[in-house]
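Asker: Count along the first sequence from 1, then add 997; that gives the number in the working numbering.
Idealized CB from N, CA, C, for every residue including glycine.
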Amino acid sequence: MDKKKIIVGLSGGVDSAIAAYLLKKQGYEVTGAFMRNWDAIANNDISGNPTLDEPMCPQEQDYEDAKKVADQLEIPLLRVDFIKEYWDNVFMYFLDEYKKGRTPNPDIFCNKYIKFEAFLNWAKAQGFDQIATGHYAKRVDKDGMTYLYKSFDQNKDQTYFLSQLNQSQLSASIFPLGDIDKHEVRAIANELNLAVASKKDSTGVCFIGERHFKEFLFNYLPMKKGPIVDINTDKKIATHDGVFYYTIGQRKGLGIGGLKDYPDAKSWYVCKKDVKQNILYVANDENDEHLLADSALISDVNFNAIRPENGQQIYAKFRYRQKDLGVKIFLIDENSVRLEFDQPYKAITPGQAAVFYDDNVCLGGGIIQEVYYKNRKIN
RNA sequence: UGGGGCAUAGCCAAGCGGUAAGGCAACAGACUUUGACUCUGUCAUCUCCCUAGUUCGAAUCUAGGUGCCCCAG
């Protein structure tokens, strides 16, 4: 039997490097691919971009690192761009959501449309059997289905970002890091003497990078000042730069401090956005009732493998790196569900992903559409 | 132009003669492949509106300015 031909997305980081190494060790015929999906200059990513003035743009630096890794592992490295696809399928969506006053999660769409669609299709066309990535996630084949499980390293688990993948995407993918933790990844990289063994984990929007977020959005969304209103008194207490720059539960960046009428003032938190009237509502207590929700309507629902039962008790994650929270799931139709929370949860934000779990099984996920508290829609 | 009150960091605010609390904001770092939250750290030193004085020593007392507020006109 021929060796399976695998192409690994090499980002220039340590995770994908070790993913490639493990596959090679397992006997696959491994090729690396470096993807570039964001052109800062062409995409007008100017304000809030800390790396504009650097002699080598960060993607080229990452490419150099990926090249070093490929050379050390003795695998070929291909290069491919999906700049247009990224702009059309991820970034436009991202901006549209912001314009609606919601808080999108671009990386979930990046996986759905770029890494596991554009890239996957490209790889197949190049004659590869499967693609692999350095995601911390586990693929489990059982009963003729391909399931997505949380990674062994619970702290790094990235199934949240993979929740929109379907059967054909999952079955064409390999996640070599599913059974080891980050320390081990670093340790292997050190043993191999990899150039990127100690490279800092990358953060920020995938393929774009770290940005001063509000300034980054200034590039694409016009500033539009309006009132910040105390939701408990309905009084204007400050001015904002445009409701879409803020997200529910946000504390930093409001610039509200030391108000005469609030001698015991604590920190202020965003609890509601009125896009139409351009009003930002805030509450003066991190435990304010206006931050709570007890049920939500989830749209764009995808189940990775099987559909849960109607009314089943499961867990949901409403933000990456947030604890799994107990919910009951009610199936409404093919693409939407309603979640009833075991108890009120804080800062549930429309536009963000709700990802469903049954213990370690990632069932799938969707986009938070409407949020309710005590049967009243609060967004 | 009579009386009273107040002037402390970006904002709110302690201090009442002994060598500038605290909170919010901001900034930095940690955490993090969204965006938040969270945690840690920094943040008044010819300084407490200005000037002069009393005192060993004043943000704190005195006098005079300046500005703002309230009451009465």
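#1: Helix, strand or coil for E1403? Go by DSSP, reduced to three states.
#2: Helix, strand or coil, according to DSSP, for K1147 in the structure here?
#3: Going by DSSP in three states, D1271 sits in which element: helix, strand or coil?
#4: Please check the pair I1015 and Q1127, which I expect to be a contact at CB under 8 Å, by giving their CB distance rounded to whole angstroms.
#5: Can you tell me which of the three DSSP states G1206 falls into?
#6: For Y1370, which residues of its own chain have a beta-carbon under 6 Å away from its beta-carbon, when the five flanking residues on both sides are left out?
#7: Could you check where the alpha helix (DSSP H) with N1118 kicks off and where it finishes?
#8: As a quick exercise: from A1313, V1137, Y1110, pick the residue whose alpha carbon is nearest that of V1324.
#9: According to the Cβ coordinates, are Y1133 and Q1155 closer than 8 Å?
#10: Would you kindly report the start and end of the unbroken alpha helix (DSSP H) that includes M1032?
#11: Could you check how far apart the C-beta atoms of L1191 and V1066 are, in whole angstroms? I think they sit under 8 Å.
#12: Less than 8 Å between the C-beta atoms of V1005 and R1183, yes or no?
#13: Are the beta-carbon atoms belonging to M1142 and V1077 less than 8 Å from one another?
#14: Do I1364 and S1296 have their C-beta atoms closer together than 8 Å?
#15: Taking S1333 as part of the beta strand (DSSP E), name the residues at either end of that continuous run.
#16: Roughly how many whole angstroms lie between the Cα atoms of R1114 and D1258?
#17: Answer yes if the segment 1317-1335 comes into contact with the segment 1346-1363, meaning at least three C-beta pairs across the two stretches below 8 Å, and no otherwise.
#18: CB-CB under 8 Å to G1124, same chain, minus the five flanking residues each way: which ones, in chain order?
#19: Roughly how many whole angstroms lie between the Cα atoms of P1052 and D1036?
#20: Using the rule of at least 16 other Cβ atoms within 10 Å of the residue's Cβ for burial, across every protein chain shown, is D1059 buried or exposed?
#21: Is the segment 1134-1153 in contact with the segment 1096-1111, if contact means three or more CB pairs nearer than 8 Å?
#22: Give the secondary structure of D1050 by DSSP, where H, G and I count as helix, E and B as strand, and everything else as coil.
#23: Taking P1224 as the reference, which of V1240, A1280, A1293, P1073 has the closest Cα?
#24: Between the C-alpha atoms of D1271 and Y1278, what's the straight-line distance to the nearest angstrom?
#25: Go ahead and label D1198 buried or exposed: buried means 16 or more other beta carbons lie within 10 angstroms of its beta carbon, across all protein chains shown.
Answerer: Checking against the coordinates, here is how it stands:
#1: With the chain covering 998 to 1376 only, the question about residue 1403 has no answer from this structure.
#2: coil
#3: strand
#4: Going by Cβ atoms, the distance from I1015 to Q1127 rounds to 18 Å, so no, they are not a contact pair.
#5: strand
#6: L1289, A1290, D1291
#7: Taken as a continuous stretch (DSSP letters only), the alpha helix (DSSP H) holding N1118 covers 1116-1122.
#8: When each option's Cα is compared against that of V1324, the closest is A1313.
#9: Taking 8 Å as the Cβ cut-off, Y1133 and Q1155 qualify as a contacting pair.
#10: First-last for M1032: 1026-1033, but that is the beta strand (DSSP E), not the alpha helix (DSSP H).
#11: Confirmed, about 6 Å.
#12: no
#13: No. Outside cutoff.
#14: yes
#15: 1333-1343
#16: In the sequence under discussion, the amino acid at residue 1114 is Glu, which differs from the Arg named in the question. E1114 and D1258: Cα-Cα distance of roughly 54 Å.
#17: yes
#18: The beta carbon of G1124 is closer than 8 Å to those of K1002 in its chain, skipping five residues each way along the sequence.
#19: Approximately 15 Å, taken between the alpha carbons.
#20: buried
#21: Result no; under three Cβ-Cβ pairs closer than 8 Å.
#22: coil
#23: V1240
#24: 8 Å
#25: exposed
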